[in-house]
Every structure is written in C-alpha cells, then in structure tokens.
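Undergrad: Residue numbers (mature numbering (1 follows the signal peptide of the UniProt record, and there is no 0)): -20 to -1, 1 to 230. Even glycine gets a Cβ: it sits at the ideal position worked out from N, Cα and C.
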C-alpha cells in the first residue's frame, strides 16, 4: 500500500514537473510597436524578443505558430476565456491584476491624452473634456483609465488599433487620443506623421508593460518565467530600450 501511494505521488510530481518544464501556452498579441507588431507574416518587436529569450533560458521550445496577432479587444477576451492563454504587451493595473497573472515588468509605460500642438486644449482634469472626442482602442489601457474616471461613452470614439488612432487624429476626425506615449510616437512614425507636431495634453498613468496569463495557468510556470525575465533584464538591459531596438532594426 505504501509503495502504491509513493508511486502515485511520484507520478503526480512528475506530471507537475513536466508541466512546469514545457508548458503548452497560446500567446495573443496586437499591433503595438515597438513592442509587438506584424512583419512579413511574423510577429516582431521588443516583447516577442524577450519572450523568446525567456523560453530559451528555461529550455522550453518556442513555437511561432502559437503566437496570434489580433485586434486588442479580441486578444483580451480570448486570453480571459482560454485557460492556457497569455497576452502581451499589457500595462499593469490593479484592476487587471485581479483578472490576470502578470509576468514583468519588461519596461515602463506612460499613458496620456495626446493632441495636436496647434490646439489650445488645456485639461486640468478629465471633467473638462466637454464636447471633445477622444479616440481609444477598446479595453486598451487608455480606454480603461477613462472608463474608471467616469468619462461618458459618448465622448469616446472606438478604433481598432493605435495606427488608426494617429491617422484619425491627423485627419481631425477626433480631437484627442488616449494611448501609451512611446507607442503613439512610433505609430506616428509608421503612418508618416511627424510626432513633433503632437503633444501630451494630460498624463493619465505611469505603470509598466509585461506579459499576462489567464488565472488558470500554473503558478509555477508564471513564477519561472518571472525569474527568467529578471535574469535577462540584468544580463541584457539594452534590449528593453525602444531606441536601441529601432537602431538595430533600421
């Protein structure tokens, strides 16, 4: 009887160890340069490079086919509804920490309301929005921060991506956008728009970006990935710098 119990315990521990060693995770992401974006059928950027290094350091096999680039609202919901799913790059908030397990930080992320330099918008607080229309991506951190602040849905214009946000801002179809400052600057660049013509009208939040997994993903897997990420950041801090990344990509 004791032998049978010991054998059963060994099998359970072996199965748990195998899970931690080679987890079968599905990764969702969006077009969010310079952290993750689509080039010639592949997802590239700072975050995907960091993710591959995490797998490499842990001795796990990385499968590019298990990374799916989707519009952010769909990627967000797919991660919430799939037990083995993770998403990147996600800005950490206390609200999101109740829904996901975070791996990070990878790098800082400053979210702001951004507008054209020629405009005279002055927002001392979000109650001064008035009739201005703010472009957001649904469930993106900019949208969630405005929602938490009680901004009416009628003041928001929902667009599919940051690339559409900067295009609509240039065309003056919207007055402002709520988005990550670093990401917005690179979206302006991709759209052929000079980012120097735009300014931060009002800061919204300073947090960090990272990877986030469904709450059902094994905690041991998340812990191991966090430990690996810390090691990589100490070893290769330069790869988490957007300016360094683009200097190498150009």
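Label residue 187 either buried or exposed according to how many other C-beta atoms from any shown protein chain fall within 10 Å of its C-beta, with 16 as the threshold for buried.
TA: The count along the chain shown starts at 1 and reaches residue 187 at position 207. Buried, by the Cβ-count rule.
Undergrad: Do residue 136 and residue 114 have their beta-carbon atoms positioned less than 8 Å apart in this structure?
TA: Here residue 114 refers to the residue found at position 134 of the chain shown. Here residue 136 refers to the residue found at position 156 of the chain shown. In this structure, residue 136 lies closer than 8 Å to residue 114 by Cβ.
Undergrad: Is residue -16 buried or exposed, if buried means 16 or more other CB atoms sit within 10 Å of its CB?
TA: Here residue -16 refers to the residue found at position 5 when the chain shown is read from its first residue. Its pLDDT being 40, under 50, residue -16 is placed unreliably by the model, and the measurement read from it follows with that caveat. The residue is exposed, with fewer than 16 neighbouring Cβ atoms inside 10 Å.
Undergrad: Out of 61, 206, 51 and 209, point me to the one whose CA is closest to residue 118's CA.
TA: Reading the chain shown from its first residue, position 138 is the one you call residue 118. Measuring from the Cα of residue 118, the nearest candidate turns out to be 51.
Undergrad: Over what stretch of residues does the alpha helix (DSSP H) that includes residue 74 continue unbroken?
TA: To locate residue 74, count along the chain shown from 1; it is residue 94. Its alpha helix (DSSP H) spans residues 74 to 77.
Undergrad: Pick helix, strand or coil for residue 14, following the three-state DSSP scheme.
TA: Looking up residue 14 in the chain shown gives position 34. DSSP places residue 14 in coil when its eight states are reduced to three.
Undergrad: Excluding the 5 residues flanking residue 53 on each side, which residues of the same chain have their C-beta closer than 6 Å to its C-beta?
TA: Residue 53 sits at position 73 when you count from the first residue of the chain shown. Only 118 and 119 meet the Cβ criterion.
Undergrad: Residue 16: buried (16+ other C-beta within 10 angstroms of its C-beta) or exposed?
TA: As a first step, residue 16 must be located in the chain shown, where it is residue number 36. By the 10 Å Cβ count, residue 16 comes out buried.
Undergrad: Who are residue 120's beta bridge partners in DSSP?
TA: As a working note, residue 120 is residue 140 in the chain shown. Looking at the DSSP assignment, residue 120 forms no beta bridge with any residue, so it has no partner.
Undergrad: Buried or exposed, going by whether 16 or more other CB atoms sit within 10 Å of the CB of residue 94?
TA: Reading the chain shown from its first residue, position 114 is the one you call residue 94. Its Cβ being crowded by 16 or more others within 10 Å, residue 94 is buried.
Undergrad: Run through DSSP, which three-state label would residue 197 get?
TA: Your numbering for residue 197 matches position 217 in the chain shown. Coil, per DSSP.
Undergrad: State the start and end residues of the unbroken alpha helix (DSSP H) segment that holds residue 139.
TA: Within the chain shown, the letter at position 159 stands for residue 139. Careful: residue 139 lies outside any alpha helix (DSSP H), inside the beta strand (DSSP E) at 136 to 139.
Undergrad: Taking DSSP as the reference, what is the three-state secondary structure of residue -17?
TA: Sequence index remark: in the chain shown, residue -17 carries index 4 (1-based). Any reading at residue -17 must be qualified, since the residue scores a pLDDT of 45, below 50, and its modelled position is unreliable; the value itself is stated next. The answer is helix: DSSP assigns residue -17 an H, G or I state.
Undergrad: Can you list, in chain order, the stretches of the beta strand (DSSP E) that have 3 or more residues and sit fully within the segment 157 to 199?
TA: Those beta strand (DSSP E) runs which fall completely within the segment 157 to 199 and span 3+ residues are 178 to 194.
Undergrad: When DSSP builds the beta bridges, which residues end up paired with residue 9?
TA: Locating residue 9 in the chain shown gives position 29, where the first residue counts as 1. Note: residue 9 sits in a beta bridge opposite 49.
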